[in-house]
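Note sheet for the following structure.
Protein chains: 2
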Amino acid sequence: MSCNKILKQTGHRLTPQRRLILDLIHDAHTHVGAEEIFDYVQARAPGVNKSTIYRTLKLLEQMGCVFKSEHDDRIIYHHAEEGHHHHLICRSCGKSYECEEALFSPVQRAIEEKYGFWVEFRHMVLSGLCSECRGRK
Amino acid sequence: MSCNKILKQTGHRLTPQRRLILDLIHDAHTHVGAEEIFDYVQARAPGVNKSTIYRTLKLLEQMGCVFKSEHDDRIIYHHAEEGHHHHLICRSCGKSYECEEALFSPVQRAIEEKYGFWVEFRHMVLSGLCSECRGRK
DNA sequence: TTTCATGCAAATGATTTGCATAGTC
DNA sequence: GACTATGCAAATCATTTGCATGAAA
């Protein structure tokens, strides 16, 4: 279900500010921080306040429309799409890639077998080296 | 190599404050936050300032003696031991378990094959349900 | 006795909140 | 028109910093 619908169904309103924030998070191919979201929104709707950004992000996170994570001492957000996935961020060039979630099923099972613990792998942000940066090294 | 040695070898001093912080992080079976570390240190050495805690934690992190992570909007620290491992935190009871690092080798290889990306799985903090809480449910 | 580390207090930066007003449903 | 969302400004919270003093090596 789309975020717009979720908002309406939960009695929230679809304001231009919220639309912009959703647009950015949805279209962004990389993860974005509060500051970047603010700049983006500010650019098309001058006057929007930073507290609105934070309030909206918190709301969207609660609705499950958006995921919040932490990487490299930065808080970042990304859209919670149907097909969940993880994020691979290259620590050398900074580029970000998506990683299919299914690849983690074997570990999930292995951990379950060994510890009885059921890990909920959701929207992980993983650090490492992308193919280009590994070759260049 | 022990943290004490690392400190000395890099020209840093082994003060009572640092000793206490190292003790706690080393002995703690759970991860600890700055506030808890402060309380612990404060209890045995009243007068120690919070900025000392933060400065020490940053130093230890830089030396690679300590790992900093984020879980549930909290910044937590844990000791970086020889045999690295991951952390499983139950979102129901809050208990924390250690998870052998080797279990992730298959995913690491799978991701490498599929995307050419080499993930550095280090001291991950994973959320989920422990065996007890799953049974109880 | 030379540095490095600490305590203190003030600064910072990100995020949150109260309240009156404006906008959506 | 009712009720939620916003802008603004002030508050909060964690973390950082400058500086004079104190303690390791």
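Going line by line, the protein sequences match chains X and R.
Numbering-wise (the numbering used here), the first sequence opens with residue 1 and increments by one.
Numbering-wise (the numbering used here), the second sequence opens with residue 1001 and increments by one.
Glycine included, C-beta positions come from ideal geometry on N, C-alpha and C.
Just to confirm the assignment, what range does the alpha helix (DSSP H) spanning X:His26 have?
Unbroken alpha helix (DSSP H) run through X:His26: 16–27.
Using only the alpha-carbon positions, how far apart do R:Ile1098 and R:Val1119 sit?
A small fix is needed here, since residue 1098 of chain R is Glu in this sequence, not Ile. The straight-line gap from Cα to Cα measures roughly 20 Å.
Please give me, in chain order, every unbroken run of the alpha helix (DSSP H) with length at least 4 that falls completely inside the segment 23–87 of chain X.
List check, alpha helix (DSSP H) in window: 34–44, 50–63.
Quick one: using the 10 Å Cβ neighbour count with 16 as the cut-off for buried, is X:His29 buried or exposed?
It counts as exposed.
Can you tell me whether X:Leu14 is buried or exposed, with buried defined as 16 or more other CB within 10 angstroms of its CB?
The residue is exposed, with fewer than 16 neighbouring Cβ atoms inside 10 Å.
Taking C-beta pairs closer than 9 Å, name the residues in chain X that R:Cys1130 reaches, listed in chain order.
Tyr115, Gly116, Phe117, Trp118, listed in chain order.
What residue does the alpha helix (DSSP H) around R:Leu1103 start on, and which one ends it?
Where R:Leu1103 is concerned, there is no enclosing alpha helix (DSSP H), given that its DSSP letter is neither H nor E.
Determine the extent of the alpha helix (DSSP H) in which R:Ser1131 is found, giving its start and end residues.
Counting along the chain, the alpha helix (DSSP H) containing R:Ser1131 begins and ends at 1131–1136.
Taking X:Cys3 as part of the alpha helix (DSSP H), name the residues at either end of that continuous run.
That run of the alpha helix (DSSP H) goes 3–9.
Could you work out which residue in X:Arg18, X:Ile21, X:His31, X:Ser2 is closest to X:Leu88 when comparing CA atoms only?
Nearest C-alpha to X:Leu88: X:His31.
With a threshold of 8 Å between beta carbons, is R:Ser1127 in contact with chain X?
Yes, R:Ser1127 counts as interfacial toward chain X.
For R:Val1119, list the residues DSSP reports as bridge partners.
X:Gly128, per the DSSP bridge assignment.
Below 8 Å, can you find three or more Cβ-Cβ pairs linking the segment 100–107 of chain X to the segment 1109–1128 of chain R?
Yes, they touch.
Beta carbons nearer than 7 Å to chain R: which residues of the segment 83–106 of chain X have them?
Per Cβ criterion, the list reads Leu88, Tyr97, Cys99, Leu103, Phe104, Pro106.
Quick one: which chain X residues come within Cβ less than 7 Å of R:Arg1134?
What R:Arg1134 touches in chain X: Trp118.
Output the distance between the C-alpha atoms of R:Gly1116 and R:Phe1067, rounded to the nearest integer angstrom.
So the two alpha carbons sit approximately 27 Å from each other.
Out of X:Ala45, X:Asp72, X:Asn49, X:His84, point me to the one whose CA is closest to X:Pro16's CA.
Nearest C-alpha to X:Pro16: X:Ala45.
Which value, in whole angstroms, describes the spacing of the CA atoms of R:Asn1004 and X:Ile6?
Near 54 Å, if we compare the C-alpha coordinates of X:Ile6 and R:Asn1004.
Cβ of R:Ala1080 within 8 Å of Cβ of R:Cys1090?
No, they are not a contact pair.
Give me the Cα-Cα distance between X:Asp23 and R:Asp1072, rounded to the nearest whole angstrom.
The straight-line gap from Cα to Cα measures roughly 26 Å.
At least one CB of chain R closer than 8 Å to the CB of X:Glu70: is that the case?
Yes, its Cβ sits closer than 8 Å to a Cβ of chain R.
With DSSP as the reference, please indicate the residues paired to X:Ile89 in a beta bridge.
Paired residues: X:Ser96, X:Ser127.
Check whether the Cβ atoms of X:Arg122 and X:His84 sit closer than 8 Å, and answer yes or no.
Yes. Within cutoff.
Could you check how far apart the C-beta atoms of X:Ile25 and X:Phe38 are, in whole angstroms? I think they sit under 8 Å.
That pair is no contact at about 13 Å.
Please classify X:Arg13: does DSSP put it in a helix, a strand, or coil?
Coil.
What's the C-alpha gap between R:Ser1131 and R:Gly1094?
If you take the alpha carbons of R:Ser1131 and R:Gly1094, they lie about 12 Å apart.
Under 8 Å, Cβ to Cβ, is there at least one residue of chain X near R:Ile1111?
It does; some Cβ of chain X falls within 8 Å.
Note down the Cα distance separating R:Arg1018 from R:Gly1033, rounded to an integer number of angstroms.
Between R:Arg1018 and R:Gly1033, the C-alpha separation is close to 16 Å.
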